[in-house]
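Q: Residue numbers (our numbering): 107 to 487. All C-beta atoms in this analysis are idealised placements derived from N, C-alpha and C, irrespective of residue type, glycine included.
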Ligand code: NDP
Ligand code: MG
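1) Should the segment 110 to 118 be called in touch with the segment 186 to 206, which here means at least 3 C-beta pairs below 8 angstroms?
2) Counting pairs of Cβ atoms below 8 angstroms between the segment 225 to 241 and the segment 199 to 212, do you hit three or more?
3) Under 8 angstroms by Cβ, that's how I've got residue 119 and residue 125 pegged, so tell me the actual separation to the nearest angstrom.
4) Does DSSP put residue 228 in a helix, a strand or coil?
5) Rounded to whole angstroms, what is the Cα-Cα separation between residue 458 and residue 476?
6) By the three-class DSSP mapping on this structure, what secondary structure does residue 304 have?
7) Give the DSSP bridge partners of residue 160, in chain order.
8) On the DSSP bridge list, what partners appear for residue 355?
9) In whole angstroms, what is the alpha-carbon distance linking residue 334 and residue 284?
10) Quick one: what's got a C-beta closer than 6 angstroms to residue 230's C-beta in the same chain, skipping five residues either side?
11) So, with DSSP's three-state summary, where would you put residue 327?
12) Who are the Cβ neighbours of residue 205 in its own chain at under 8 angstroms, not counting the five residues just before and after it?
13) Any heavy atom of ligand 2 closer than 7 angstroms to the CB of residue 325?
14) Tell me residue 215's beta-bridge partners as DSSP assigns them.
15) Would residue 260 and residue 267 qualify as a contact pair, given that the criterion is a beta-carbon distance under 8 angstroms?
16) Is residue 487 helix, strand or coil when you go by DSSP?
17) Should the segment 389 to 407 be called in touch with the segment 290 to 300, which here means at least 3 C-beta pairs below 8 angstroms?
18) Anyone know if the C-beta pair for residue 150 and residue 138 falls short of 8 angstroms?
19) Would you call the segment 274 to 291 and the segment 340 to 348 in contact, with 3 or more CB pairs under 8 angstroms?
20) My guess is that residue 427 and residue 472 are in contact by the Cβ rule of under 8 angstroms, so how many angstroms apart are they, rounded?
21) Count Cβ pairs between the segment 350 to 367 and the segment 410 to 417 that sit closer than 8 angstroms; are there 3 or more?
22) Which class does residue 112 belong to by DSSP, given the choice of helix, strand or coil?
23) Thinking just about the alpha-carbon of each residue, which of 187, 246, 324 is nearest to the one in residue 234?
24) Between residue 269 and residue 263, what straight-line distance do the alpha-carbon atoms span, to the nearest angstrom?
25) How is residue 248 classed by DSSP in three states: helix, strand or coil?
26) Does any heavy atom of ligand 2 sit closer than 7 angstroms to the C-beta of residue 229?
27) Using the rule of at least 16 other Cβ atoms within 10 Å of the residue's Cβ for burial, across every protein chain shown, is residue 183 buried or exposed?
28) Any heavy atom of ligand 2 closer than 7 angstroms to the CB of residue 119?
29) Is residue 134 helix, strand or coil when you go by DSSP?
30) Does the beta carbon of residue 268 fall short of 7 angstroms from some heavy atom of ligand 1?
31) Taking the straight line between their C-alpha atoms, what separation do you get for residue 372 and residue 386?
32) Could you check if residue 361 is buried or exposed, using at least 16 other CB atoms within 10 Å of its CB as the buried criterion?
33) Does the beta-carbon of residue 496 have 16 or more other beta-carbons within 10 angstroms, so that it is buried, or is it exposed?
34) Closest to residue 358 by CA distance: which of 418, 380, 365, 271 is it?
35) Relative to the C-alpha of residue 247, which residue among 255, 429, 238, 254 is closest?
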């Protein structure tokens, strides 16, 4: 159980909700980091009085240092400053709520320092694969899922040491804003439409990943990594209401599910209080008011990003890192209005075809591959 936390990506959707949990549960905050949002991190520093804080943007970090000179918070700058916030504070649990592959080094820094990692930044586990798992093992550090589906699975696995007799994991998916649409109908969808998620309010990158369902592909890989299951034992089910957060089917065909209103503060809090449970400000689930819960098979033809990730995890090695980086770039270009929605899977596939096939790799290999995948996408614009 946690008493002191560090929040990496504290100004984002998960970061601000993590601080809300810290406020309600009375956790001390040892470190805060963000990309460039100086105004919000300044407010957070004044409220939580962390030992360290860092901004990726070095100029803003210099300005932040001046702004908070009246506090005891040490201000660091750049990617190294963020890793120092993960590793060099007295936090026992680090919440990684950074978006994208930029979270990889902070994930490794947390685990190498032997601290528990409450992981929202799925991209670091997807791309880092064995590197991340081995760092956790070598330093006896736990990875606790924050992603709602994986928190649900983690909760459904309690009481089954070593994941005994688990037959299947069933990940639920909201289906995003384009559920029920066919490929042809997605040709002209706009950025605003893709950003209009039916159930969750999240950062822009993951919201677009939910619209393409690349997010569910990332979560499939995340589940394989977190729970040591074979990819063919992970099923996906579209569940529009986002009430059943995921399920585990056991050898006797008994299926255990975790339910709750869609509010990330439940999985964030469980990652911090595990194995205990505390009261939460999240609303109670009123099943009678909901009446119906619905489940559908995903439309894999329309949402081909799920397949792209399934193929990558089957190949393993650097393949998940390749599709992750290609997606990050394609997702960004779509949000910038430079490519269409249907260009996203097309460009990911084309870039990933140019990726080297390597079973063993280092973090440097992943960042080299990241640059290559982004360049391959730009070549094809
Ligand atoms: P946001 O975009 O809302 O927040 C991202 C945070 O990371 C911000 O604090 C941002 O700082 C910081 N940041 C951005 N780029 C960098 C960088 N290059 N280096 C260091 N810090 C950076 O994202 P979300 O909170 O939505 O998502 C965070 C992670 O959690 C993602 O991996 C996502 O997949 C995962 N997740 C999110 C869920 C959600 O409900 N939002 C649900 C499940 C998982 P600044 O504000 O200064 O830009
Ligand atoms: Mg999720």
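A: So, to answer that:
1) yes
2) yes
3) Contact doesn't hold; Cβ gap of about 11 angstroms is too wide.
4) helix
5) 11 angstroms
6) coil
7) 139, 182
8) 274, 361
9) 31 angstroms
10) 209, 210, 213
11) helix
12) 115, 118, 227, 229, 309, 311, 312
13) yes
14) Partner(s): none; residue 215 has no beta bridge.
15) no
16) coil
17) no
18) yes
19) yes
20) 5 angstroms
21) no
22) strand
23) 324
24) 6 angstroms
25) coil
26) no
27) buried
28) no
29) strand
30) no
31) 7 angstroms
32) exposed
33) Examination of residue 496 is not possible in this model, given that the chain is present from 107 through 487 alone.
34) 271
35) 238
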